[in-house]
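*Asks:*
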Amino acid sequence: MKIISSITEMQEITADARQSGKRIAFVPTMGFLHEGHASLLREGRRRSDLLVLSIFVNPSQFGFGEDFERYPRDMERDSRIAAEAGVDVIFTPTATGMYPAGFQSWVNVEELTLPLCGASRPGHFRGVTTVVCKLFNIVNPHLALFGKKDFQQLAVIRRMAADLNMPVEIVGMPIIREADGLAMSSRNKYLSDADRKCALCLSRAIMAARSAFRGGELSAEIIMKSALAEIGREQGAVIDYVELRDSTTLAECDRVNGNTLLALALKIGSTRLIDNGVLGEDD
Ligand code: AMP
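Numbering (the numbering used here), first residue to last: 432 to 714.
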C-alpha cells in the first residue's frame, strides 16, 4: 500500500493503471476511519483492480465556527484499517496543493443543496462538490463509493456527476451502525458518555417513523410526531432539522410513501450529528 500526497504522482498512478486495463475504485473520506468507511472500501476492493482511498479534511466544506481545526485525525490507525480493507493507494493531498493561491473555480449543484444540511450549513455543499470534482479529476476512477449516511451528499454528487457528464459510476452504500443503532461517524468521538446515550434518539426517531409507516400511517404530520416524540424524550438534543422529504427529489411532502426520507440533524451537546432513513427500507 502506497501513501502519497503529490497530485501529479496520483494522476500518474491511475493513468498507468488505466493503460493496463485496470478498473479503479475510489473512496473519498476525511479520515478517522471506522467500520462505515471500511464497508465502502471492502465493496470498492471487490469491484476493482486498483482501490484508492483519499483522506483530506477539506477546509472549503467547513463553515466559520465549525469543527475544521478539531476534526479528529489519526493517520497511523487509518493506514492500518485501509491496509486491512485492501487499499492500494492512500491519497493525502495538502490544503495548499488542492487550493493553491489564486484558486477561484467552484462547482455548485443548485436546488438539491438548498434544503436540509444545505440550509443549515451555507456553502457546505459547494465545498463538497468542488473537492469531489477535483478528486475525480485527479484519481479518474471508474467507480466511486459513498455512504447513505450522508444521504443529501450522495444525491448531490449523483446529480453533479450526471449533469457534468463525469464518466464515473456513483455507488451508494448502506449506513453502518453501532450495535445500539447509533450511525457510525468520525464525530462520535466528540460525544461524552451522556451525549452518547442521548444520541440514540436519532436512530430511535427513524425506527419510530418506520414503524408508524409500516403500521399503515401515511400522514407526514403524524409520522413526524412519532419521530419528534423520541427526540423530545432527550433533554440534551437540540433540533437543527427533522424533515420528511421525497428521497429522490428532496421535495417536501404531506403524504408519505415507501420512498419518503426522514432526515435529521441534531445538536447533542456541542456535536452536530446527522442520520436518515427511507421509510420503506431498512438501512
Ligand atoms: P467522511 O469521512 O465522514 O466524509 O465520510 C466519507 C464517506 O464515508 C462518505 O461517503 C460517508 O457517507 C461514508 N460514511 C460515513 N459514515 C458512514 C456510515 N456510518 N455508514 C456508511 N457510510 C458512511
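C-beta: ideal position from N, C-alpha, C; glycine also.
Less than 7 Å between the C-beta atoms of residue 569 and residue 438, yes or no?
*Replies:* On the sequence shown, residue 569 is found 138 positions in, with the first residue counted as 1. On the sequence shown, residue 438 is found 7 positions in, with the first residue counted as 1. Contact: yes.
*Asks:* Would you report the Cα separation of residue 500 and residue 530, rounded to the nearest angstrom?
*Replies:* For the purposes of this step, residue 500 is identified with residue 69 of the sequence shown, where counting begins at 1. For the purposes of this step, residue 530 is identified with residue 99 of the sequence shown, where counting begins at 1. Residue 500 and residue 530: Cα-Cα distance of roughly 17 Å.
*Asks:* CA-CA distance, residue 699 and residue 668?
*Replies:* Residue numbering aside, residue 699 sits at position 268 when the sequence shown is read from its first letter. Residue numbering aside, residue 668 sits at position 237 when the sequence shown is read from its first letter. Whole-angstrom Cα-Cα distance: 5 Å.
*Asks:* Comparing alpha-carbon positions, which option in 703, 476, 444, 512 lies nearest residue 633?
*Replies:* Taking the sequence shown and counting its residues from 1, one reaches residue 633 at position 202. Answer by Cα proximity: 703.
*Asks:* What's the call for residue 523, buried or exposed, on a 16-neighbour Cβ count within 10 Å?
*Replies:* Counted from its first residue, the sequence shown places residue 523 at position 92. The residue in question, residue 523, is buried, as its Cβ has 16 or more Cβ neighbours within 10 Å.
*Asks:* Any contact between the stretch 480-500 and the stretch 630-647? By contact I mean 3 or more CB pairs, one from each, below 8 Å.
*Replies:* No, the stretch 480-500 is not in contact with the stretch 630-647.
*Asks:* At a cut-off of 6 Å, would you count residue 620 as near the ligand AMP, judging by its Cβ distance to the nearest heavy atom?
*Replies:* Here residue 620 is taken as the residue at index 189 of the sequence shown, counted from 1. Every heavy atom of the ligand AMP is 6 Å or more from the Cβ of residue 620, so no.
*Asks:* So, helix, strand or coil for residue 688, using DSSP?
*Replies:* For this step, residue 688 is matched to residue 257 along the sequence shown. Coil.
*Asks:* What residues match up with residue 602 in a beta bridge as DSSP calls it?
*Replies:* As a first step, residue 602 must be located in the sequence shown, where it is residue number 171. Under DSSP, the beta-bridge partners assigned to residue 602 are 576.
*Asks:* Return helix, strand or coil for residue 708, following the three-state DSSP convention.
*Replies:* The sequence position of residue 708 within the sequence shown is 277, counting from 1. Here residue 708 sits in strand by DSSP.
*Asks:* Out of 571, 613, 611, state which residue places its alpha-carbon closest to the alpha-carbon of residue 598.
*Replies:* Translated into the one-based positions of the sequence shown, residue 598 becomes position 167. Considering only alpha carbons, the answer is 571.
*Asks:* Using only the heavy atoms of the ligand AMP, determine whether one of them is closer than 6 Å to the beta carbon of residue 606.
*Replies:* As a first step, residue 606 is located in the sequence shown; it is residue number 175 there, counting from the start. Because some heavy atom of the ligand AMP lies under 6 Å away, the Cβ of residue 606 counts as near it: yes.
*Asks:* Please report the straight-line C-alpha distance between residue 540 and residue 565, rounded to a whole angstrom.
*Replies:* Locating residue 540 in the sequence shown gives position 109, where the first residue counts as 1. Locating residue 565 in the sequence shown gives position 134, where the first residue counts as 1. Near 15 Å, if we compare the C-alpha coordinates of residue 565 and residue 540.
*Asks:* Going by DSSP, which residues form a beta bridge with residue 484?
*Replies:* What you label residue 484 is simply residue 53 of the sequence shown in a count that begins at 1. Bridge partners of residue 484: 458, 521.
*Asks:* Compute the distance between the beta-carbons of residue 681 and residue 543, then report whether it is under 7 Å.
*Replies:* Taking the sequence shown and counting its residues from 1, one reaches residue 681 at position 250. Taking the sequence shown and counting its residues from 1, one reaches residue 543 at position 112. Yes, Cβ-Cβ distance for residue 681 and residue 543 is below 7 Å.
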